[in-house]
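Plus 487 on top of the position in the sequence shown (first one is 1) and you've got our numbering. Please read the structure below before turning to the comments.
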Amino acid sequence: MNLTAVRAIYTFEMARFFRTLLQSFISPVISTSLYFVVFGAAIGSRIDQVEGVSYGAFIVPGLIMLTVMTQGISNASFGIYFPKFIGTIFELLSAPVNFLEIVLGYVGAAATKALFIGIVILGTSAFFVDLNIQHPLAMVAFLLLTCISFSLFGFIIGIWAKNFEQLQLIPLLIITPLVFLGGSFYSISMLPPVWQTITMFNPVVYLISGFRWSFFGQADVAIGFSLFAIGLFTAICLGIIWLIFKTGWRLRA
């Protein structure tokens, strides 16, 4: 394992993040505050509690998951796409660095950024609602796994994309709708039976449900299924990345 290469890639990516730290910090704080104003105040005034939890507190896990997923994807996709765009990816591929070290550097930095933003949102939420995390270790585990898995997914998108527009295509048209329809701001049990069944085909449901369980000890899906879903998604992403580097798909000139 070439740790020097991993550290160099990781440090370079994190330096880009720290150059815009104020923007990276203020943006999620403002967005979270707006979500609480719109959903917590407007809708929360009509929905007092959801499964015994105040509506303001109930939406916190969904808000964190929404931002962590999108941030993990955007950071990782841009991180690997930009070297492709300017041509420096070939210098990296010709260096004595294997695909695992490249992935550890780029995905590790993207996951760190997403984790930081998730912590910022969690801290911001504490100013609006009272939070009592029943399973803090499980909460940290789900948060880390989500950051890593969606950073891996973003890495794949960055290799797949041929232009900057395609970088935003999947997050905007697929990920964000899946998160909103995955029980971020409501309980699956509130839906009609037919839609409850349909919603179970949304993979994001299992992530949000497991993460919400770590907060309140209740979930729409069994915790075992949630862990299996995120583990399977991570394994699939790793397999696809291995195949990409083995075949050179979208990496060759």
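Beta carbons: idealized from backbone N, C-alpha and C, even for Gly. This structure is a prediction, so every number in the text was calculated from the model and none was measured.
query, result
"Cα separation between I560 and S638?", "5 Å"
"Under 8 Å by Cβ, that's how I've got I534 and Y542 pegged, so tell me the actual separation to the nearest angstrom.", "5 Å"
"Since S564 and F499 are thought to touch, with beta carbons under 8 Å apart, how far apart are those beta carbons, to the nearest angstrom?", "Not a contact, Cβ separation roughly 16 Å."
"Need the endpoints of the alpha helix (DSSP H) that L579 sits in, please.", "I576 to S581"
"Would A625 pass as a contact of S701 if the rule is Cβ separation under 8 Å?", "yes"
"Report all residues from its chain with a CB closer than 6 Å to the CB of M501; omit the five preceding and five following residues, and keep chain order.", "A596"
"Does the segment 686-703 touch the segment 619-633, meaning 3 or more C-beta pairs lie closer than 8 Å?", "yes"
"Once DSSP output is grouped into helix, strand and coil, what is the label at V537?", "strand"
"Near V666, which residues of its chain fall below 7 Å by C-beta distance, leaving aside the five closest residues on each side in sequence?", "M552, L553, M556 and V691"
"Compare the Cα-Cα distances from I496 to each of F572, S518 and L580 and report the closest residue.", "L580"
"In this structure, how does DSSP classify F698 when only helix, strand and coil are distinguished?", "helix"
"For a test of the three-state rule: what should DSSP assign to G735, helix, strand or coil?", "coil"
"Just to confirm the assignment: which complete alpha helix (DSSP H) runs, minimum length 4, are found wholly within the segment 543-593?", "547-573 and 576-581"
"Which term fits D617, buried or exposed, when burial requires 16 or more other beta carbons within 10 angstroms of its beta carbon?", "exposed"
"Beta-carbon within less than 6 Å of E588's beta-carbon, same chain only, minus the 5 sequence neighbours each way: which residues are those?", "N489, A492 and V493"
"What ranges does the alpha helix (DSSP H) occupy inside the segment 634-700, keeping only unbroken runs of at least 4 residues that lie completely in it?", "651-657, 663-667 and 680-686"
"Given a threshold of 16 other Cβ atoms within 10 Å of its Cβ, counted over all protein chains shown, does N650 qualify as buried or as exposed?", "exposed"
"Do G735 and G645 have their CB atoms nearer than 8 Å?", "no"
"Report the three-state DSSP secondary structure of Q510 (helix, strand or coil).", "helix"
"According to the Cβ coordinates, are F526 and V537 closer than 8 Å?", "no"
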